[in-house]
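What follows is a short report on a single structure.
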Amino acid sequence: MKSFTEEALLLYLYQETDKNLTKEIEAALEEDIHLQERLKVLQRSIKQLERLKKQSKHPREESVNSILAYAKKLAKK
Numbered sequence: 083m084k085s086f087t088e089e090a091l092l093l094y095l096y097q098e099t100d101k102n103l104t105k106e107i108e109a110a111l112e113e114d115i116h117l118q119e120r121l122k123v124l125q126r127s128i129k130q131l132e133r134l135k136k137q138s139k140h141p142r143e144e145s146v147n148s149i150l151a152y153a154k155k156l157a158k159k
C-alpha cells in the first residue's frame, strides 16, 4: 500500500491534487483505516484553524498596553 505525505493529504482535502493522485488517495481510503484516521485529524485541524481565523483579529487592548509598557521600560535603560 502506498504511503501518502501530510502535504498530499492536505492538497487532497483542498481539492488541489491531480486526477491520478486523487484516484490513488480515494482507493487507499477505501481500504486503509489508518489513512482514514489521518485524514479525519487533518479535517479537524482545518476546521479548528478556520474557527480561529473567524475570531477577533485584533489583540486585546491589555496585551498592547503591556507590550508598550515593556518597550518603554527597555527604552529607558
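For this note's numbering, count along the sequence shown from 1 and bump the result up by 82. Yeah, the Cβ is synthetic: ideal placement off N, Cα and C, and Gly gets one too. Remember, it's a predicted structure, so these values are computed and weren't measured experimentally.
Which class does residue i belong to by DSSP, given the choice of helix, strand or coil?
i, result
"Gln137", "coil"
"Glu119", "helix"
"Ser127", "helix"
"Glu132", "helix"
In terms of alpha-carbon separation, which member of the options lies closest to residue i?
i, options, result
"Lys105", "Ala157, Leu91 and Val146", "Leu91"
For residue i, report the span of its alpha helix (DSSP H) as first-last.
i, result
"Tyr94", "Glu88 to Leu95"
"Thr104", "Lys101 to Glu113"
"Lys155", "Glu143 to Lys158"
Using a threshold of 9 Å, state whether the C-beta atoms of residue i and residue j are closer than that.
i, j, result
"Leu117", "Ile107", "yes"
"Leu111", "Leu121", "yes"
"Leu103", "Tyr94", "yes"
For residue i, count the other beta carbons within 10 Å of its own beta carbon; 16 or more makes it buried, fewer makes it exposed. Which is it?
i, result
"Thr99", "buried"
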